[in-house]
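Undergrad: Going by the working numbering, the sequence shown opens with residue 67, and the numbers climb by one from there.
C-beta: ideal position from N, C-alpha, C; glycine also.
First the structure, which I've put down as structure tokens, then a few questions once you've had a look.
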Amino acid sequence: MNTNAEPRILEAYREVIKNEFFPKKGHGTLRYSIAKKAISDYSKASGDFAGTMELMLFTSKMGWNLPTNMEI
Numbered sequence: 067m068n069t070n071a072e073p074r075i076l077e078a079y080r081e082v083i084k085n086e087f088f089p090k091k092g093h094g095t096l097r098y099s100i101a102k103k104a105i106s107d108y109s110k111a112s113g114d115f116a117g118t119m120e121l122m123l124f125t126s127k128m129g130w131n132l133p134t135n136m137e138i
């Protein structure tokens, strides 16, 4: 288990997930499969358990923030 993964790599995967929910332009596509793949790819590439858990929590946080950021 690697706990010293490069922080910029984790941030790059966070951006992939964030862009699914809140892209810079337009509306998010909300494809969970993309977020799930980003988490899986990070886990396989880094072996960083803590970083993988961080991405999982970040994904749920993005989903939780959806109603507060949507216009009604």
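#1: Just to check my reading of the structure: E120 and A101 have Cβ atoms closer than 8 Å, yes? What is that Cβ distance to the nearest angstrom?
#2: Which of the three DSSP states, helix, strand or coil, is assigned to T118?
#3: If we ignore side chains and look at the alpha-carbon of each, how far apart do W130 and L123 end up?
#4: Can you give the Cα-Cα distance for R97 and P89, rounded to whole angstroms?
#5: Would you kindly report the start and end of the unbroken alpha helix (DSSP H) that includes L76?
TA: Looking at the atomic coordinates:
#1: With a Cβ gap of about 13 Å, E120 and A101 do not count as contacting.
#2: Secondary structure of T118 (DSSP, three-state): helix.
#3: Using only the alpha carbons, I get a separation of about 10 Å.
#4: Note on geometry: alpha-carbon atoms of R97 and P89 lie some 12 Å from one another.
#5: In the DSSP assignment, L76 falls within the unbroken alpha helix (DSSP H) covering P73 to F87.
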